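In what follows, a structure is listed as structure tokens, so that the remarks can point back to it.
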Amino acid sequence: MEKQVLITVSREFGSGGHEVAAELAKRFGLPLYDESILDSIAHKHNLKLDKLSRFDESPINIFTSRRVRGFSNSPEEHVSAMQAHFLQQKAQAGESFVVLGRCGEEYLRDFPGLISIFVLADREFKQQRTMRIDKVSAEEALELMARNDKRRKYCHNQICQGKWGDSRTYDICVNSAKLDIRGTSDLLEAYVRARIAAM
Amino acid sequence: MLAAQICAVVIFLVMFILLITEKLERQVVTLSCGLATLVIVFGLCLRDGAAVLQTLSLQSFLSPGFWYRIGEAETSSGINWETIVFIAGMMVMVEGMAASGFFRWLCIKLARMVNFKPTPLFFLFMALSAVLSMFIDSITVIMFLAAVTAELARLLDMNPVPFILSEIFCANLGGSATMCGDPPNIIIGTSLGYSFFDFITNTGLIALVSILVVAPYFYFFFRRELVPMGGRAADPASFPDPRQAITSRLGFALSCAIFAAAVVLLVTHAQTGLTVSTIGLAISLVTLAAAGRDALQLLRKIDYATLLFFIGLFVTVSGLEHTGVLELLAQLIEQVSGGNVYIMIGIIIWGSALASAFIDNIPFAATMIPVIRTLSAAQGVDLSSLAWALSMGTDIGGSATPIGASANVVGTSIAAKNGFPVAWGRYCQAQTLPTVLVLIISTVIIFVRYL
């Protein structure tokens, strides 16, 4: 790709944001950075992945963390900082990519090629997808959605200037329930192409 | 008085909650609460201008005893300027030492002495951490030691966490050994009039016995992790050279000399009559003079936020003291202990440890000093026994959790920045048992030696 494009996809749990991000990455021939970021970091530091992944996209607990002269004991904050460093290094090297969640739109905000997307969906749509994919009951699906969205929201809002899910934080917000995953991906592909043309 | 007491307690609790939530800078919290204490408690409720002046304690600078003192020291309340001047002076000296490359040079020099072999390095860095923390604040010690440890661990293909966790524990333990090692000790020493020598012969002895127990403990606990992780260790020839750490030969020599002079002055301050404020001021002036054109840069690096935090804290605690709330707390301890000195000391040491494991030990120590003073006066218990119990409880209790002491936060943060995040479970698994062991040792020694 001639111009640097950094597509960030934030999402509600069950909205299919991950699939949309993967589809965009495939259509534009870009790498997708999701939990795979931690794979790379773990490999680099010769660490076990689970030592890092348990803190992935998790909020900082104010009762179990403390800050002293700019140092913080919060593993969640450090894992997030490692991911930020990883993404910024890739972006500074001129690479184009798609990043799923992980406060990508905040960490990459200074790069002109940033296109930030938020995928939401109707509750019923998200519930049905969660029941199908995670093989859980309707109630469990609702609980899973609520728990994960709460975690993502707290994590995002602790780090980012804009609020999670607030349309002012992103370039475009789209309800994936209206066009389904494929239709949403088509719409977003067209949007990204228009943005690239306007760069 | 009741309204004043309620206001003082509410302001104090608000301060603690705001400090825990970290929504605001901690100096903003304590200064705001200090101002609220002066206006609401002393002004509106008590209408006591004398209490305001006593709390601000500005007259202490004019007192000869603030700078030079022979014999028994007076106990003080309000803003403890002696602590603040001393800490500021030590900050200047430490900045000067850091700028010259002293800490990095010392760590690498010692590591090279044991040929970078993991087990001797493990014991050596624990000892270094404890000894340095006796004279320099544990945050600075861990900041440099953990950074070098992480660098060496990377070269040796080892996990730095066992090293860093044991260094943190020893920094807190070393800090408990002297008057200037840990902020609670400085506050206890200057408020109750104890010298460096008093601390080293009392808490120092407890720390020495404790380190002889915890060093082997840490070795057995971590022994399986003191081996390469399976990757490729670097060629020893590529290991850092201590000489490269020195940024200026003259600055380095002067730093070493100033540090040595500071140690001598602190060790002998009861004999020379020089107070810690005089020593702090003197070493800072000499460091600034030695820094020459870089003096302004050193002054800019001082952690003013911490100094302001102390000022606000002392004022807020004064609100509790003047309104008699701390006397009520002392009476509560009296009632619970039934006047039994063993139970009283047990409550102070274990209660302080429990509180310090979760909240900042500096405000806790500042709050408890008037309490033990009241207990001693009311019950006829030797004040020094209570002081050593408070010192060990606050200094050691902080080791139990990742947020209990500043050194823990800095050390685990450096480990995480190097790719090794330390979760609560992992931290507590390693540190809780030695914390309990040291508290048991402290309790037994205090019981046997003083009661």
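Taken in order, these protein sequences are the chains called A and B. Under the numbering used here, think of the first position of the first sequence as 1, with each following residue one higher. Under the numbering used here, think of the first position of the second sequence as 1001, with each following residue one higher. C-beta atoms are modelled at their ideal positions from N, C-alpha and C, and glycine is treated no differently. Only a predicted model underlies this, so the values are computations on that prediction, with no experimental measurement involved.
A121(A) beta carbon less than 8 Å from that of S176(A): yes
Separation of S1391(B) from I1347(B), as counted between CA atoms: 13 Å
Minimum Cβ-Cβ distance from P59(A) to chain B less than 8 Å: no
8 Å Cβ cutoff, S1195(B) in contact with chain A: no
Secondary structure of C103(A), DSSP reduced to three states: coil
Limits of the alpha helix (DSSP H) - the one that T1030(B) falls within: 1026-1036
Boundaries of the alpha helix (DSSP H) in which F118(A) is found, first to last residue: Per DSSP, F118(A) belongs to no alpha helix (DSSP H); it is in the beta strand (DSSP E), 114-120.
Residue-chain proximity (I172(A), chain B), Cβ-Cβ < 8 Å: no
CB of C1180(B) within 8 Å of CB of F1135(B), strictly: yes
S1138(B) vs S1406(B) beta-carbon contact at 8 Å: yes
Neighbour-count burial assignment, Y1194(B), 16 or more Cβ in a 10 Å radius: buried
Straight-line Cα distance separating K51(A) from F1222(B): 18 Å
Short-range partners of chain A found in the segment 1295-1314 of chain B, where Cβ spacing is below 7 Å: D1303
Span separating the alpha-carbon of F1116(B) from that of E139(A): 57 Å
For N175(A), three-class secondary structure by DSSP: strand
Given S1032(B) as reference, the closest of R1449(B), I1445(B), I1311(B) once Cα atoms are compared: I1311(B)
Beta carbon proximity, K51(A) to chain B, threshold 8 Å: yes
Pair within 8 Å by beta-carbon distance, E23(A) and S137(A): no
Start and end residues, beta strand (DSSP E) containing I7(A): 6-11
Ranges of the alpha helix (DSSP H) found wholly within the segment 1114-1170 of chain B, counting only runs of at least 4: 1118-1133, 1138-1156
Unbroken alpha helix (DSSP H) run spanning Q83(A), endpoints: 75-92
Stretch-stretch touch, CB-based, cutoff 8 Å, three pairs: the segment 1047-1063 of chain B with the segment 1077-1086 of chain B: yes
Every unbroken beta strand (DSSP E) inside the segment 1310-1375 of chain B [3 residues or more]: none
I7(A) versus I117(A) - alpha carbon distance: 7 Å
Boundaries of the alpha helix (DSSP H) in which A1295(B) is found, first to last residue: 1295-1301
Cβ neighbour criterion (16 or more within 10 Å) applied to A93(A): exposed
Local Cβ density within 10 Å of H43(A), reported as buried at 16 or more and exposed below that: exposed
Candidates A1036(B), G1273(B), L1299(B): closest to S1284(B) by CA position: L1299(B)
Identity of the residue in K126(A), C103(A), A146(A), G29(A) nearest K178(A) by Cα: K126(A)
Close beta carbons around A1088(B), own chain, < 8 Å, minus the five adjacent residues each side: G1280, S1284, I1302, L1307
Beta-carbon proximity check, I1414(B) vs A1207(B), cutoff 8 Å: no
Residues from the segment 1012-1024 of chain B in contact with chain A, defined by Cβ distance under 8 Å: I1020, T1021, E1022
P31(A) classed as buried or exposed, judged by whether at least 16 other C-beta atoms fall within 10 angstroms: exposed
Integer Cβ distance of E233(A) from R151(A), believed to fall under 8 Å: Here chain A has residues from 1 to 199 only, and residue 233(A) is not among them.
Presumed contact (8 Å Cβ cut-off) between T1275(B) and W1067(B), rounded CB distance: 6 Å
Contact list for the segment 18-38 of chain A against chain B, Cβ threshold 7 Å: none
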